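Quick note, the sequences are listed as chains A and G, same order.
Those letters in the first sequence? Residues 19 to 1028, per my numbering, in order.
Those letters in the second sequence? Residues 14 to 503, per my numbering, in order.
We put the beta carbon where it would ideally sit given N, CA and C, even for glycine.
Computed from a predicted model, the values in this text were never measured in an experiment.
Everything on this sheet refers to the single structure shown next.
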Amino acid sequence: MVIFGLLLSLGALPAAASFQEPAAAVDFVRDVQPIFRSACVECHDGAKRRGGLRLDSKRSVFQGGKSGPEIVAGKPDESNLLRRVLGQGGKQAMPLDADPLEPGEIATLRAWIEQGAGWPDAASDDRETQHWAYARPLRPVLPVVKDVAWCANPIDRFIEARLEREGLAHSPEADRATLIRRASLDLIGLPPTLAEIDVFERDKSPRAYEDLVDRLLASPRYGERWARPWLDLARYADTNGYEKDLPRSLWPWRDWVIRALNADMPFDEFTRKQLAGDLLPDASDDDRIATGFQRNTMLNDEGGIDKEEFRVVAVVDRVNTTASVWLGTTMACCQCHDHKFDPFTQSEYYQLFAFFNQTEDVGAGNGPEMAVPTPEQRRVQQDLSARIASLASALDFPPDAAPFTAWQQQIRAELGAAEPVAGLARRFGFEELQARVGFLDGGRELAFERDQGFSYGALVKLGKGGCVLAKIDDLHAYRGFDLFANNGRFEVHIVHEWPSDGIKVQTREVFGAGFWRHVFVSYDGSSKAAGIRIYLDGVAQELEVVNDTLTGTIQNDVALKIASREASGAFDGALDEARIYSRELGHEDVRRVFRESLKVILERDAPARSEEQLAELRAAFIAETPELAAQQTELAKLRADLAGLRIPTTMVLQELATPRPTNLLRRGNFRDPGAEVIADVPAALHAFPDSLPRNRLGLARWLVDSANPLVGRVTMNRAWETFFGNGLVATAEDFGTQGDAPTHPELLDWLAVEFAERGWSQKAMHKLIVMSSTYRQASRVTLAVLEKDSANQWLSRAPRVRLEAEMVRDNALAIAGLLSAKIGGPSVMPPQPRGVWADSFATFDTPDEKWVDAMGEDRWRRGLYTYLRRSAAYPSALTFDASRRDVCVVKRSRSNTPLQSLITLNDPVFVEAAIALGARMVREVDGDAAARIRHGVRLCLARAPTAWELEQLGGLYQRSRAGFAKDGGAAKEFTQQGMVDVAGFDPIELAAWIVVANVLLNLDETITKG
Amino acid sequence: MSHSPDPALQRELLRAITRRQLFARAGMGLGAIALGSLLQRQGLGGTSPQVRSDPLAPKPPHFKPRAKSVIYLNQTGAPSQFDTFEKKPLLARLDGKPVPKEYMAGQRFAFIKDGEQPNVLDSLWKMSQHGETGSWVSELLPNLASVVDELCFVRGMHTDEINHVPAQLFLESGSPRMGRPCIGSWVTYGLGSECADLPGFVVLASGKAGRCGTTCWGSGFLPSLYQGVQFRSQGDPVLYLSNPRGMDPALRRDSLDTIRAINQAELARTGDPEIETRIAAYEMAFKMQTSVPELMDISSESAATHELYGTEPGVTSFSNNCLLARRLVERGVRFVELYHGGWDHHGGGDQNLVTGMPRLCKEVDRGSMALIADLKQRGMLDDVLVIWGGEFGRTPMLQGKFNKDDLGRDHLRTAFTIWMAGGGVKRGFSYGETDDLGMSVVKNPVHVHDFQATLLHLLGLDHLRLTYKFQGRQFRLTDVAGKVVHELLA
């Protein structure tokens, strides 16, 4: 079906619309059936039949249930149905246990009965037999047709038989230009090159078309093109969704899909790996990457959430997505109650839920993740890991090693003898050490001024870093002071107003994460960077001065905070013994503070020390023992090198060691568990074999079992939809009783059976489809045919459909010669208007997570690689009906709107494509204007222009050229926007060709597959 | 298109096809060139001036509407009812004392933990009564207080959700999860658009919009042409509206004429009626290039109007957006949604109630008042429904420790206050009551689904009949609930 876009009137609006008063003619489907559906069929449907009555079946209503006929046409007062909803006859009013019908609804029912109770047969569900989709498909006999010669393969027999029955004739085969463009767009998502068109048009062999198809199926572009619909099903995105919408790394899974499709991995294997690759015997890294399919669910990192709530939401999404993708079934209803229309119960929903309820991921945070190194990274990683292991073992002395215990005794003795370092203003001892603290509020009492000396610091074990200690107002010009760990460097800010009035120094050296250091800052009250020292383990560090302009007050009214600034900079890692002194400490003071910081630990008996406390002591001992310290430094360097490899990660499923019990959730509420359930599949579907384990792997095997009546039909239907614009079942997402019946049920069954018998090869089936005569028809339609079959459900012609979002862009870039051939890798950021990401609530903290328009090759990658942030998705794709990827999308809507026209006319991406295409027309053709136009038209449409088109475009070129000749400045400006190199071109000539190119890229035929 | 369209959509479709068949019949005998020039003489795109048969053409409502359009002043982050419109004497009496346990039973908060008993926090600002109705308004909203007799307060609002994104989605789409259409999309789907050269559903944001980004005005499973179109005050007012640099409007017109001529020839050649839609889309795009900048340019408004709203051309502000909203509904735009974020006053930094509440109130006070006054003086208030409110309420007790300079309130699911005005609701009316502490509704509760049902009702739509079939089920804005609150209707 098509949807008609935003057409607009040019004149007055129609007179005020008429109102639908209940007294007016009642239409059953429009007015009555919605009332039955919302108020009655929950109990009175084919499955439940309370009182022996179905209100979804005309036959049942007129025959009646236990109480006799429900309706006497024309006589509302004699109709039982009306009496029951009015609560007459001494019985409780229907519907029971629900709100009574509104007066308007009752008036509608009365009027309907009065008017004769018309009920079209088509709106009645009188079926009593098993729903077709739950019966196993059998290979149908090929129908007899008159025009056998036309039929290239069995597909055509089914199509032709129906056409003959409908009195429709198939269309002639499309011309070669149309065929190569259509097949290329369908199979690889890109237009053919001129050389490819030439070869195909000249190839007179009977195998020419098949050779073309085989070449396209073998192209690495095939996997990219067919990954797109799969990514919609999987709801693939580059961020977590919800409020914070933080970045995630799941592109290695996306690349796995592309590789699997290119390798034509059988669909059953494709299924098993994505649903349960981690549970396969001897699971490889690739198998675990594949489980990213179900990690595409959203994560809520908003403050104040209950993680369990959003874990449950994610598991629910996995159940619903699995049912949509492999069963064409909408299970979501059963989350709260038994399915109203299809044979699934709420208990069965939670039995399916139980399969997916066994993984370690929670509702917030990206783990579990696995590292996905490149081969080179893997080599370096192994080398570094070996060296790290050997150094680490040297430093891994036993806790009772003599030098270690002797050192402890010595420190203890020293601490006992000496007075504590003077000037301690505040101490946060974390009496019990709190690893990974949130933050600690230290109050507002301490208010140092810039002319005072003061010192501060803590024992620090870095994770990712962040703010160690601060009294800084980061919402108001950063007034105050802090100690911050940023990418392994320690930074000190003492600020009046950042950056015009403040000091910033940072350590030159980069420090590794994962072990304890004592970090301390001293400041002498000079208002100068030179007055700041940073000590690590009592040793003054070499500092870099970044800013040195402090003149104003540093006092503020925010609280002192440990492990966070006032509003940002949350610390990742562990802290202990944070201290603040109200004077400048000297070198020796800081050394003593370091030792004092160990006092609490040293005073404990060794066995009573926690693991972290022992780690703190060890770290201090190593720091004070020169030969060990040198090894430690080397170790830290190697670890930093290892961390610096920036090995990509990908999110995976990880099964829990101990199974999690699953309960039915009443009304879907995670806080209201009902009876416990065990993992199982719905009774209405094929049985779960005893031989299979009751885990995700068992479920995956069950889904692709040859006994599954749905999986083959559903998968083939989606493929059919991709080629023909509509599925054989138009409701591709719903094969249940509420879905549409197939237009060609036998063909659908034949495809499903053939798919399984051909070893679940998608490429084999795609080839069958595109080799059919049905697919190769011309798309031209006559009025007579349009009247008979406007939606083209009988396929007497090839469909004309607008290209999908990513393809609109890829097509333009390919025509322009700009499109990058690079496959895979992290998602990219092509130009997008400024401010689009400002629509997201949260801003990303680090610069490499901001949208920065790519300047190199990544500017012109295929659309499936565009970074997808869920709360502010790439706007031009959304306008062309791309999915936001919040939930599984089986079928995109297809609209044509003015906002789309603005994109292909004005979006810098399409303007660059026009510039590059204009330049191609000038550069690649040495001849007159007509030859250049011919070149451009063939690039866009694969065909030659008509004489009339040549005239139109030639006229536009002449007028544009004349216009730009009068305004050379405009020509320059027009040609030099964007990143396309136009050096050496005459700006006026080029500008005129860009205008022509912009028109060519906007033709209906260019953005339509015909 | 998506899924099975509803019968109404199908009728639209058939009407369009019939018209297009006539059109194609006229064209085919004449040949492509003749057709092209004929259509050029006929006018833009060849669509006849009286007929619109696209899904956005105006559609009859289910019954007589009370409002033609809606301006929703969405205060995201959730303003405190106790510091705006709710006077609760018990708050003053219990100020600084632990909240009585009985009020905490069965409650669930985002940050206050189960078992905690935080201290009650009275409003920090003076509340006084205004207008003939004597409605309580905080001293932070002096302008709004002057139009209080126009307002219809709903004091018994309650929701199901305690976190921002789920609660905002719930309010916008009737479901706390992603994937459903928002109110503006439902309304545009149900009624179409009265406006020929602007979208039917427009979004304006001052500061941060909703917490779920553009999903807040997404069309969910409805076709994407029903999604909200954001008009921006920085850069292109509608994305990609401006021609490329160096291309003047005359050259753009010339290009569009060429595109149209070739597309018409293509239509004649292939007979595909969809091409006509594309031709019309390009003409609409061209018209928007003029109509949208004209709309956004508020400098043509009178000095008195600028004085009323406190507007300043060229800046991004709530007041400017209020004025733009009036200009939009004036031109027939059906649903205008203004977002003003920043009300999430938990305490600390930007979220400090002590400093944040006066700032936010000042940002919205004048524009909110001016919109009501302006619509009224132009005689538009009867046709335009104005709504003002957040996604939930805030607690009558403080969150965290008491610090006179830095206070906050947690999210409250069980009671909050919004107001509506104009468009068929009662003037100077108050509906619903909460307990003495304002913690829960004790009389005339209005659930979010009831609010949505009522909103649709005011526009002449029956929330039970405004459905869209998706995944085998007829979906509604109000999910499986919702009752029209007839008491609110004028």
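Item, Value
"Given this structure, state the Cα-to-Cα distance separating A:I933 from G:R347, to the nearest angstrom.", "39 Å"
"Leaving out the 5 sequence neighbours to the left and right, which residues in its chain are closer than 6 Å to A:E184 when beta-carbon positions are compared?", "W812"
"Against chain A, with Cβ distances strictly below 8 Å, would G:Y295 count as a contact?", "yes"
"For A:G241, which of helix, strand or coil comes out of DSSP?", "helix"
"Report the rounded CA-to-CA distance for A:E39 versus G:P73, giving the unit in angstroms.", "With a pLDDT of 46 at A:E39, under the threshold of 50, the predicted position of this residue should be treated as unreliable, though the coordinate-derived value follows. Whole-angstrom Cα-Cα distance: 11 Å."
"Considering A:E824, what are the terminal residues of the alpha helix (DSSP H) in which it resides?", "A823 to A834"
"Does A:S540 come out as helix, strand or coil in the three-state DSSP assignment?", "strand"
"Count the C-beta pairs between the segment 409-427 of chain G and the segment 442-459 of chain G that are closer than 8 Å, then say yes if the count reaches three, no if not.", "yes"
"Going by DSSP, what residues sit across from G:P111 in a beta bridge?", "G:N132"
"Beta-carbon within less than 8 Å of A:V47's beta-carbon, same chain only, minus the 5 sequence neighbours each way: which residues are those?", "P138 and A141"
"Does the Cβ of G:H476 have 16 or more other Cβ atoms within 10 Å, making it buried, or fewer, making it exposed?", "buried"
"Check whether the segment 336-351 of chain G touches the segment 92-111 of chain G, counting contact only when three or more Cβ pairs, one atom from each stretch, lie closer than 8 Å.", "no"
"What are the boundary residues of the beta strand (DSSP E) that A:V998 is part of?", "Unbroken run through A:V998: none, as it is neither H nor E."
"Identify every run of the beta strand (DSSP E) within the segment 400-483 of chain A, keeping only runs that are complete inside it and at least 3 residues long; order them along the chain.", "442-446"
"Less than 8 Å separating the beta-carbons of A:N924 and G:N256?", "yes"
"Do G:G445 and G:V461 come within 8 Å of each other at the CB atom, strictly closer than that value?", "no"
"I think A:V908 touches A:E751, with their Cβ atoms under 8 Å apart; what is that distance to the nearest whole Å?", "4 Å"
"Could you pull out every residue in the same chain whose Cβ sits closer than 8 Å to the Cβ of A:E467, ignoring the five residues on either side in sequence?", "T571, I572 and Q573"
"Within 10 angstroms of its Cβ, does A:S518 collect 16 or more other Cβ (buried), or is it exposed?", "exposed"
"Which residues, in order along the segment 166-189 of chain G, keep a beta-carbon less than 8 Å from a beta-carbon of chain A?", "I175, N176, H177 and V178"
"Using a C-beta cutoff of 8 Å, does G:M301 count as contacting chain A?", "yes"
"Helix, strand or coil for A:S919, going by three-state DSSP, please let me know.", "helix"
"Can you find a C-beta in chain A that's less than 8 Å from the C-beta of G:D363?", "yes"
"Within 10 angstroms of the Cβ of A:I521, are there 16 or more other Cβ atoms? Answer buried if so, exposed if not.", "buried"
"Determine the closest residue to A:E120 out of A:E182, A:P52 and A:Y883, with distance taken between C-alpha atoms.", "A:P52"
"Within a Cβ cutoff of 7 Å, which residues of the same chain sit near G:V493, ignoring the five residues on either side of it in sequence?", "none"
"Based on the DSSP secondary-structure assignment, which residues constitute the bridge partners of G:I431?", "G:V167"
"What first and last residue would you give for the beta strand (DSSP E) that runs through G:P409?", "G406 to L411"
"With 7 Å as the C-beta to C-beta threshold (strictly closer), list the residues of the segment 749-775 of chain A near chain G in chain order.", "T749, E751, D752, G754, Q756, G757 and D758"
"Residues in its own chain within less than 7 Å of G:R340 by CB, not counting five upstream and five downstream?", "L308"
"Determine, for G:F242, whether the minimum Cβ-Cβ distance to residues of chain A falls below 8 Å.", "Just to set this straight, residue 242 of chain G is Val in the shown sequence, not Phe. Closer than 8 Å: yes."
"Which whole-angstrom value is the C-beta distance of G:G361 and G:T89, which I expect to be below 8 Å?", "So it is not a contact: roughly 19 Å between Cβ atoms."
"Could you spell out the range, first to last residue, of the beta strand (DSSP E) harbouring G:L398?", "V397 to G402"
"Is there a Cβ from chain A that is less than 8 Å from the Cβ of G:L217?", "no"
"Would you check if the distance between the CB atom of G:T447 and the CB atom of G:A434 is smaller than 8 Å?", "no"
"Once DSSP output is grouped into helix, strand and coil, what is the label at A:I1012?", "helix"
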